[in-house]
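Peer 1:
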Amino acid sequence: MKKCNIGCIGCGVMGGALIRAIAKVVPASDIYLFDTDAAKMESLAKELGANTAKNGCDVATKADYLLLAVKPAYVDSVLADITAVVPQNEMPLFVSIAAGVKLEKLKKAALTKARFVRLMPNIPALVGEAMIALTHESDVSADEVAEVKELLSKAGSVECVPENLMDCVTGVSGSGPAYGFVFIEALADAAVKLGMPRKQAYVYAAQTLKGAAAMVLETGKHPAALKDDVCSPGGTTIAGVAALEEYGFRHAVIQAAVAATERSAELGKK
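Residues 1296 to 1565 (the numbering used here) are what the sequence shown spells out, left to right.
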């Protein structure tokens, strides 16, 4: 990848996860961090060997690509501060992970002086297994999109989607790991109830879900076909699947994703 400087405003869990991944692609000496929580910023900078900045404007003047990893409520003020100081011809390409905040709103907050890529990552970026959706303005070039995807390559898989799917992505993959954690915890609780030690139960439950996901991705088979393959007539697995259906498991998962999607859309209107 060609040499470029990377900025990050917001060193929280997701911002930190993505910057740690980016630090595996570009030298940490080319990364500039800012967070209003100075201790958090200093800790991440020390961990990576990255640079710290005085404020968001300082980051923006140094960066070619700027990861905007602040909460949606702070996006307007951060962009207003930057656009008031940084000339348009010196603006970095902003890469926003603010949930629900659409490109149009980002552009308006920046007084149309900046260009934007919008991401919806998820927390498995911490272990390099994220599913990251990317959408962008029409004036962002194909080369720039390719560079953003390369920067994120160590965080997980990156796919471009139309912006009208970003709320859906938020409900499915953005929030999806939490649904998986709940399932793993419940399966482990069942194992403990049935006599398995707690620590061992978490390993069995987590590895089982990991293996099932790998089969879907690697075989290309429909999940229903994979389920059918392991449900022998009158067997143990079909008995368990029938219980899931009886207690509304499938409906609960669908409604969870719908609720998260609707919340993402609500955030985008504020």
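All C-beta atoms, glycine included, are put in the ideal place defined by N, C-alpha and C.
For the putative contact between Ser1470 and Ala1368, defined by C-beta atoms under 8 Å, what is the C-beta separation to the nearest angstrom?
Peer 2: For this step, residue 1470 is matched to residue 175 along the sequence shown. For this step, residue 1368 is matched to residue 73 along the sequence shown. Not a contact, Cβ separation roughly 19 Å.
Peer 1: Please state the DSSP three-state secondary structure of Val1453.
Peer 2: As a working note, residue 1453 is residue 158 in the sequence shown. Looking at Val1453 - three-state DSSP - the assignment turns out to be strand.
Peer 1: Using C-beta distances below 6 Å, list every residue in its chain close to Ala1500, excluding the 5 sequence neighbours before and after it, in chain order.
Peer 2: Stepping through the sequence shown from its first residue, residue 1500 is reached at position 205. Counting only Cβ-Cβ distances below 6 Å, and skipping sequence neighbours, we find Ile1479, Leu1482, Ala1483.
Peer 1: Could you check if Cys1455 belongs to the surroundings of the ligand MG, using beta carbon to heavy atom distance under 8 Å?
Peer 2: By its list of ligands, the structure shown contains no ligand whatsoever, and the ligand MG lies outside what it can speak to.
Peer 1: Taking DSSP as the reference, what is the three-state secondary structure of Ser1433?
Peer 2: Locating residue 1433 in the sequence shown gives position 138, where the first residue counts as 1. Three-state result, Ser1433: coil.
Peer 1: Would you report the Cα separation of Glu1458 and Val1443, rounded to the nearest angstrom?
Peer 2: Position 163 of the sequence shown, counted from the start, is the residue given in the question as residue 1458. Position 148 of the sequence shown, counted from the start, is the residue given in the question as residue 1443. So the alpha carbons of these two residues sit roughly 17 Å apart.
Peer 1: Ignoring anything shorter than 4 residues or poking outside the segment 1331-1365, list the alpha helix (DSSP H) runs there in chain order.
Peer 2: Here the runs fully enclosed are 1333-1343, 1351-1357.
Peer 1: Is the Cβ-Cβ distance between Ser1559 and Thr1465 less than 9 Å?
Peer 2: Taking the sequence shown and counting its residues from 1, the one referred to as residue 1559 is at position 264. Taking the sequence shown and counting its residues from 1, the one referred to as residue 1465 is at position 170. Their beta carbons are under 9 Å apart, which means Ser1559 touches Thr1465 by this criterion.
Peer 1: Distance, Cα to Cα, Lys1341 vs Val1373?
Peer 2: As a first step, residue 1341 is located in the sequence shown; it is residue number 46 there, counting from the start. As a first step, residue 1373 is located in the sequence shown; it is residue number 78 there, counting from the start. Roughly 24 Å between the two C-alpha positions.
Peer 1: Residues in its own chain within less than 7 Å of Lys1397 by CB, not counting five upstream and five downstream?
Peer 2: As a working note, residue 1397 is residue 102 in the sequence shown. So the qualifying residues of the chain are Glu1458, Gly1563.
Peer 1: Is there contact between the segment 1344-1354 and the segment 1301-1308, where contact requires at least three CB pairs shorter than 8 Å?
Peer 2: Enough Cβ pairs lie closer than 8 Å, so yes.
Peer 1: Of the residues Thr1532, Ala1520, Leu1343, Asp1330, which one's Cα is nearest the Cα of Ser1324?
Peer 2: Reading the sequence shown from its first residue, position 29 is the one you call residue 1324. Nearest C-alpha to Ser1324: Leu1343.
Peer 1: By Cβ distance below 8 Å, which residues in the same chain neighbour Val1553 in space, the five residues on each side in sequence not counted?
Peer 2: Indexing the sequence shown from 1 puts residue 1553 at position 258. Once the five neighbours on either side are set aside, the close Cβ partners of Val1553 are Gly1466.
Peer 1: For the beta strand (DSSP E) that Met1415 lies in, which residues bound it at each end?
Peer 2: By one-based count along the sequence shown, residue 1415 stands at place 120. 1410-1415 is the span of the beta strand (DSSP E), which, as asked, contains Met1415.
Peer 1: Between the C-alpha atoms of Ala1547 and Pro1472, what's the straight-line distance to the nearest angstrom?
Peer 2: Against the sequence shown, residue 1547 aligns to sequence position 252. Against the sequence shown, residue 1472 aligns to sequence position 177. Distance between the alpha carbons of Ala1547 and Pro1472: 15 Å.
Peer 1: Taking Cβ positions, are Val1370 and Val1390 nearer each other than 9 Å?
Peer 2: Residue 1370 sits at position 75 when you count from the first residue of the sequence shown. Residue 1390 sits at position 95 when you count from the first residue of the sequence shown. Against a cut-off of 9 Å, the Cβ pair of Val1390 and Val1370 comes out as no contact.
Peer 1: How is Val1390 classed by DSSP in three states: helix, strand or coil?
Peer 2: Locating residue 1390 in the sequence shown gives position 95, where the first residue counts as 1. In this structure, Val1390 counts as strand in the three-state DSSP scheme.
Peer 1: Per DSSP, Met1426 forms a beta bridge with which residues?
Peer 2: Locating residue 1426 in the sequence shown gives position 131, where the first residue counts as 1. Paired residue(s): Ser1452.
Peer 1: Whole alpha helix (DSSP H) runs in the segment 1466-1498 with 4 or more residues, listed along the chain?
Peer 2: List check, alpha helix (DSSP H) in window: 1471-1488.
Peer 1: Please state if the CB of Cys1455 and the CB of Thr1430 are separated by a distance shorter than 9 Å.
Peer 2: The sequence position of residue 1430 within the sequence shown is 135, counting from 1. The sequence position of residue 1455 within the sequence shown is 160, counting from 1. Result yes, Cβ atoms of Thr1430 and Cys1455 sit closer than 9 Å.
Peer 1: Based on the DSSP output, what are the partners of Cys1463 in its beta bridges?
Peer 2: Sequence index remark: in the sequence shown, residue 1463 carries index 168 (1-based). DSSP, once it has assigned bridges, lists no residue as partnering Cys1463.
Peer 1: I'd like the span of the beta strand (DSSP E) that includes Ile1301, first residue to last.
Peer 2: The count along the sequence shown starts at 1 and reaches residue 1301 at position 6. 1301-1304 is the span of the beta strand (DSSP E), which, as asked, contains Ile1301.
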